[in-house]
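Participant: Residue numbers (this note's numbering): 111 to 821. Ideal Cβ placement from N, Cα and C applies to all residues, glycine included. One structure is given below, represented as structure tokens, and several questions about it will come after.
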Amino acid sequence: MNFKKDAWKPIFASVVLTVIAAYVLMGLFYMIGNGGDLKEILLRPKELITFVYTEENLKTVFSLAPFVILAALLYTFRSSIIVPKLEYASDFGLHGTSRWGTPDEVIDGKMFSKNNSYTTDPVDAFQMEKGIIVGKVPKKRELLIIPRNTTIDNRNVLVIGSSGSGKGQSFVFPNMINHTEETIIVTDPKGEIYEATHQIKRDQGYKVYQVDFINFVNCDRYNPLDYVEDDEDARAIANTIASNSVDEGKRDFWSESAVAFLSAFILYVKEKYKDKANMRHVVEMVARAGKDEEYLDEIIKNMSPDHPAYHMFTLANMSSGNTRAGIMATLAQQISIFAMQKIAKMTAKSDFKFHDLQKEKSVLYIKIRMDENPFVQLTATFFEQLIAVLYDIADKNHSKLPIPTIFLLDEFANIGTINKYPRVLATCRGLGMAMMTIIQDIGQLEDKKRYGPEMARSIINNHDTQLFLRTKDTKTAKYFSELAGETTVKHKQKSASYGRKEGSKSISEQYVKRSLITPGELMNMDKNTCYLFVSGAYPMKLEKAWQFDIYGDLLSNYEKYRSRLGYTAPLWNGEWVWDEEDSAAQDIQEVKQELEESDVVLLNEMIDEINKIDEEEEDEEITEEELRVLLGNVEDENEDEENESEEVGEAEELQSILDEIEEELDAFDEMEDEITEEDLMEIIEEFSEFSDDSEGEQEESNQKIADELPI
């Protein structure tokens, strides 16, 4: 029963009239029994009330009379108090056959699980079906849970909820707790999901990872180039970065040309640095190529046709002059975020691989911004590569993931554009994946910077389950109103006519068309209400599955329940520590390898490596003066040519030092103290004593290096 907005007015009037009518009725009974004037009697309330309640019969009458009078008045004013209830006649079907479904119709053990009851004890809730919780049966302690073997075509769920509608508390948190066997990928805009659930997941046997795309610290690192194996992988990264770098999703000549160049640069860097390749190397190459046109020409000239990047560079480099300058400027804009120090450090290497998520059940928390995300090139690339790796693993495992995986993608639109997402939604169930796409309104998907209207429609249609929590967007409300459909309702109309002698009354019934639920009703729904739309079933009006209703104070007082759940291991109190020492040791190893090629390369690469370490640690620069001090007596060494036997002796001594350095490098992996710049300088000075360059050549080499250094 729904009351009108101003229903209190006729109710208040009815109560007042009831009191007045009962009092006047008392006066009438007094006047009949004792005589007198009614007006004077009504002015003596004490005497009047005493009379009524001393008479046993009158006492009984006036104990019931006020209620009878009030009921009569409320009935009279009912049209002003109660919203008329429509009598649905969907079976009649004249204007539509849609109707509200009931949970009993779908909780059949096939579409939704029958193991869905919980009690007031949070521990009992862990005995329920380990499936996707989408809502609560009204006025019962029962949930609607989609099991893994559901008859619904796919297990993808689209959740629509504006800010404050309970997306996290009524959907994300319940499903984080309830899933105990699948690998879970969850976006965590506020970081609160990790804080509240990571200990529970560790206790449940999960390997826990966290990537922070907000602060880029105190998390697991992620290197996009670790997932580049061939030109197709390089092209995929370049495409994703480009798609998330243009306004309104428009890719023009400059953007497409920049994709070709970026693909080539990524392949070149990957081939040169192998497992140590990262986007910082790409940024450095692009910056240099943008300033010096001959630099890129020289790279292509010295590149073997068998090189993976050769043909890509050749095709991309067909433009020249202002055209190439414009392309390079576009490319620089696309990858500019990777030049930021915090992102360069976070993407320098990977602390885990996506393949690890299928070696043991894991949960990956991904922090992204709730508001506008300035790093969509990176976050979209992350998810593109993650999904691609999972598909590749399934492809090598009889088209099935070893560990079923669910995605809880809160604030999905802030991830960026995942180019193949509609295709993923259409095919993921067979692989053992389920995608929970959580957005505020449909407009977020239709935004031209994201997917546009056509692709948004495909995304929506590939979710066989759609959960509506609330919206402030009229277009979204209209969509769900139309999705609910139209029904036929019976409308009663009363009419009356009066003549001089007699009148007549008549009631007519009409069958009219009405939306099962209107956009206005959807935008003004109760906070505890939600609507569930499932393919192959009538829409249902449910209650939200609040985690605090299902699990009580489990999250806020988890330690109190750990022992009852059988968990006795110490609480996790670790933190993420980036292995800077290992990074520095790798840089030294690169220097050693370059030393073996030539003396000129030796000097250049040593300085490059020092600059890299400076940028990573304190962002300090080596000036020309410091360079000359660093190189020390290089110019003074080897002024005179020695005989052949002496050269052999020096070569042997050089090899001996190389062996010693190799031993030191091996030891670096086990050291706890950070490798300092002084360590590098000492190694470089040792090598400078054995340079074979002539004095003139050495001076020229030193000057060239100094000129290239930033002042």
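Where does S801 land, buried or exposed, given buried means 16+ other C-beta within 10 angstroms?
Facilitator: Low confidence applies to S801: its pLDDT is 42, below 50, so where it sits in the model is not reliable enough to give any reading.
Participant: Can you look up D889 in the DSSP assignment and give me helix, strand or coil?
Facilitator: It is not possible to answer for residue 889, since the shown part of the chain is limited to 111 through 821.
Participant: Under three-state DSSP, which class holds L180?
Facilitator: Helix.
Participant: DSSP has Y475 in a bridge; who is on the other side?
Facilitator: V296 and Q320.
Participant: Cβ of P155 less than 8 Å from any chain B Cβ?
Facilitator: In summary, chain B is missing from the structure at hand, where a single protein chain is found.
Participant: Is L158 helix, strand or coil when you go by DSSP?
Facilitator: Looking at L158 - three-state DSSP - the assignment turns out to be helix.
Participant: Thinking A370 and L425 are a contact (beta carbons under 8 Å), I'd like their distance in whole angstroms, please.
Facilitator: Yes, they are in contact, since the Cβ atoms of A370 and L425 sit about 6 Å apart, within 8 Å.
Participant: From Y501 to T537, what distance separates their C-alpha atoms?
Facilitator: Going from the Cα of Y501 to the Cα of T537 covers about 10 Å.
Participant: Please name the residue in D231, A123 and E494 whose C-alpha comes closest to that of T186.
Facilitator: It is A123 whose Cα lies nearest to the Cα of T186.
Participant: Near A344, which residues of its chain fall below 6 Å by C-beta distance, leaving aside the five closest residues on each side in sequence?
Facilitator: Within the same chain, A344 has close Cβ partners V338, S373, I376 and L377.
Participant: So, for G662: in the same chain, excluding its five sequence neighbours on each side, which residues have a beta-carbon less than 8 Å away from its beta-carbon?
Facilitator: Counting only Cβ-Cβ distances below 8 Å, and skipping sequence neighbours, we find T230, D231 and P232.
Participant: Mapping DSSP to helix, strand and coil, what is K651?
Facilitator: It is a strand residue.
Participant: In three-state DSSP terms, what is C538?
Facilitator: Three-state DSSP puts C538 in a helix.
Participant: Alpha carbon to alpha carbon, what distance is there between R560 and I723?
Facilitator: Note that I723 scores a pLDDT of 47, beneath 50, so its modelled location is shaky and nothing firm can be said.
Participant: So, helix, strand or coil for S124, using DSSP?
Facilitator: Note: S124 maps to helix in three-state DSSP.
Participant: Which partner residues of G245 appear in the DSSP bridge assignment?
Facilitator: Beta-bridge pairing links G245 to L254.
Participant: So what does F517 bridge to, in DSSP terms?
Facilitator: DSSP output for F517 lists I295 and M545 as bridge partner(s).
Participant: Taking the straight line between their C-alpha atoms, what separation do you get for I516 and M543?
Facilitator: Going from the Cα of I516 to the Cα of M543 covers about 6 Å.
Participant: Name, in chain order, the residues that DSSP records as bridge partners for I192.
Facilitator: In DSSP, I192 forms a bridge with F113.
Participant: Have a look at S673 and P680 and give me their C-alpha separation to the nearest angstrom.
Facilitator: For S673 and P680, the distance between alpha carbons rounds to 11 Å.
Participant: Below 8 Å, how does it come out for the stretch 203 to 223 and the stretch 241 to 261: are there three or more Cβ pairs, yes or no?
Facilitator: Cβ pair count under 8 Å is three or more, so yes.
Participant: Just to confirm the assignment, what range does the alpha helix (DSSP H) spanning L593 have?
Facilitator: Element bounds for L593: T584 to A594.
Participant: Taking one C-beta from the stretch 567 to 583 and one from the stretch 293 to 313 each time, how about it: are there three or more such pairs within less than 8 Å?
Facilitator: As far as the Cβ criterion goes, the stretch 567 to 583 does not touch the stretch 293 to 313, which means the pair count is below three.
Participant: Counting pairs of Cβ atoms below 8 Å between the stretch 473 to 484 and the stretch 309 to 325, do you hit three or more?
Facilitator: Segments in contact, yes.
Participant: Report yes or no: do the stretch 510 to 525 and the stretch 288 to 301 share at least 3 C-beta pairs separated by less than 8 Å?
Facilitator: Touching, per the Cβ criterion.
Participant: From the DSSP output, which residues share a beta bridge with T207?
Facilitator: Looking at the DSSP assignment, T207 forms a beta bridge with T597.
Participant: Please determine, among F485, E239, G315 and Q443, the residue with the shortest C-alpha to C-alpha distance to K469.
Facilitator: Answer by Cα proximity: G315.
Participant: Examine the Cβ distances between the stretch 383 to 393 and the stretch 404 to 417 and report whether three or more of them are shorter than 8 Å.
Facilitator: In short, these stretches do not touch, since the Cβ pair count stays below three.
Participant: So, is I528 buried or exposed, given that buried needs 16 or more other C-beta atoms within 10 angstroms?
Facilitator: Looking at its Cβ environment, which holds 16 or more other Cβ atoms inside 10 Å, I528 is buried.
Participant: Helix, strand or coil: how does DSSP classify Y561 here?
Facilitator: Y561 falls in the coil class under three-state DSSP.
Participant: What separation, rounded to the nearest whole angstrom, lies between the Cα atoms of R312 and F448?
Facilitator: Approximately 33 Å between the Cα atoms of the pair.
Participant: State buried or exposed for W364, treating a residue as buried only when at least 16 other CB atoms are found within 10 Å of its CB.
Facilitator: Per the 10 Å Cβ criterion, buried.
Participant: What residue range does the beta strand (DSSP E) around Q495 cover?
Facilitator: Where Q495 is concerned, there is no enclosing beta strand (DSSP E), although the alpha helix (DSSP H) it sits in stretches over V486 to D505.
Participant: Of all the alpha helix (DSSP H) runs that stay within the bounds of the stretch 344 to 419, which reach a length of 4 or more residues?
Facilitator: Fully enclosed alpha helix (DSSP H) runs of 4 or longer: 363 to 383, 389 to 401 and 403 to 411.
Participant: Do the CB positions of I627 and A594 come within less than 8 Å of each other?
Facilitator: Contact: yes.
Participant: Just reading off the alpha helix (DSSP H) that K661 is part of, what are its end residues?
Facilitator: Checking the sequence, you will find Tyr at residue 661 rather than Lys. Note, Y661: premise wrong, no alpha helix (DSSP H); not H, not E.
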